[in-house]
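Worksheet for the structure shown next.
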Amino acid sequence: MTTLWERVLKLDAVHNFRDYGGWRAADGARVATGRLFRSAHHAHATEGDVERIGRLGILTVTDLRHPEEQREEPSAWIGKLAFGVIEEPEEDQGVKGEAPHIAAFRNSDFSPQSMRAFMITHYGEMPYDPRHVAMFRRYFDALASQDGGILIHCAAGKDRTGILAALTHHVLGVHSDDALEDYLLSNEAGNIAKRLPRLRRNMEKRYNRVIAEEAMHALLTVEEAYIARCWAALGEKSGSVDAYLTDMLGVDEGKRRLIREKLLS
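Pasting the structure below:
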């Protein structure tokens, strides 16, 4: 599995659905395919999409979205597929309020510069959001304990999902250049050019603002600078990526060994 379109699963109405395994890891090993999947939300999945997703051998879905996002766009497979679901802790599910990025947009001027600055800042904050920490921990626990597939997704499948996939690649010993390539695939696999006009209209209606296409592009794409800010924040706040994994997520050497044994060949 070496090319973009070999990684992407073509579904009718679930964007950016792909296998993030298959990369070369340390010592000549390779990350298993058919075990690690990532995508955007599944609210508009067709019956055919649900059927195909159900055949992938996925045991656990990690839904990184805020409860408000889940309420607005519930996954279409609920009640049809029996996945274990990792999401915000049960006691937080009834909490009202907006996802942090949605709330932040209410005070934005929606200039391209503001959107890009927001994304860079947001990437430094996301790994330390208590909600994300709790879900990231449970995700890595699942990787270490189960033998089936796991799917991670958020709304667009590129930012929260991109960080967690990149952390997974780090644990598995995938070279940083390959991990970056996988992260940047969202710019092609996300059907951004096709989706941008509709999303722009929705954003303009929601916030009662005129939003430039360039600003939407900064919001809907990923950049090396975004994920670089994440890595820099881990160094600044935790000392290193490895220290963050150990201290914040409980991914110590023993758990890493279990994950590698299950996912490397």
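Sequential numbering of the sequence shown, starting at 1, is according to the UniProt record's numbering. Where a beta carbon is used, it is the ideal one built from N, C-alpha and C, also for glycine.
By the DSSP assignment, the beta strand (DSSP E) with residue i in it spans what residues?
| i | result |
| --- | --- |
| G149 | 149-153 |
| I58 | 58-63 |
| F37 | 36-39 |
What span of residues does the alpha helix (DSSP H) with residue i cover, start to end?
| i | result |
| --- | --- |
| F105 | 100-105 |
| R24 | That residue, R24, is in no alpha helix (DSSP H); it is neither H nor E in DSSP. |
| G235 | 224-238 |
| G79 | Premise fails: G79 is in no alpha helix (DSSP H) and is neither H nor E. |
| R195 | 192-207 |
| A247 | Reading the sequence as shown, one finds Asp at residue 247 and not Ala. Start and end: 241-249. |
| H66 | No alpha helix (DSSP H) contains H66, which DSSP labels as neither H nor E. |
| A212 | A212 -> no alpha helix (DSSP H), and no H or E assigned at all. |
| V50 | 47-54 |
| E253 | 253-263 |
| A189 | 186-189 |
Do residue i and residue j have their C-beta atoms within less than 9 Å of each other?
| i | j | result |
| --- | --- | --- |
| L36 | G54 | no |
| R185 | T62 | Residue 185 is actually Leu in this sequence, not Arg. Not closer than 9 Å, so no. |
| G157 | N16 | yes |
| L143 | T168 | yes |
| A134 | H122 | no |
| R52 | H175 | no |
| A30 | L264 | Before going further, note that residue 30 is Arg rather than Ala in the sequence given. Yes, these two residues count as a Cβ contact at 9 Å. |
| R38 | G173 | no |
Reducing DSSP to helix, strand and coil, say where residue i ends up.
| i | result |
| --- | --- |
| V85 | strand |
| I163 | helix |
| D177 | helix |
| K158 | coil |
| V14 | coil |
So residue i and residue j are supposed to be a Cβ contact under 8 Å. How far apart are they, rounded?
| i | j | result |
| --- | --- | --- |
| Y139 | I86 | 6 Å |
| F83 | L64 | Not a contact, Cβ separation roughly 15 Å. |
| M119 | L219 | 7 Å |
| L180 | E224 | 6 Å |
| D49 | D12 | 5 Å |
| A43 | P74 | 6 Å |
Q: Could you pull out every unbroken alpha helix (DSSP H) segment of at least 4 residues lying fully inside the region 105-144, listed in chain order?
A: 112-125
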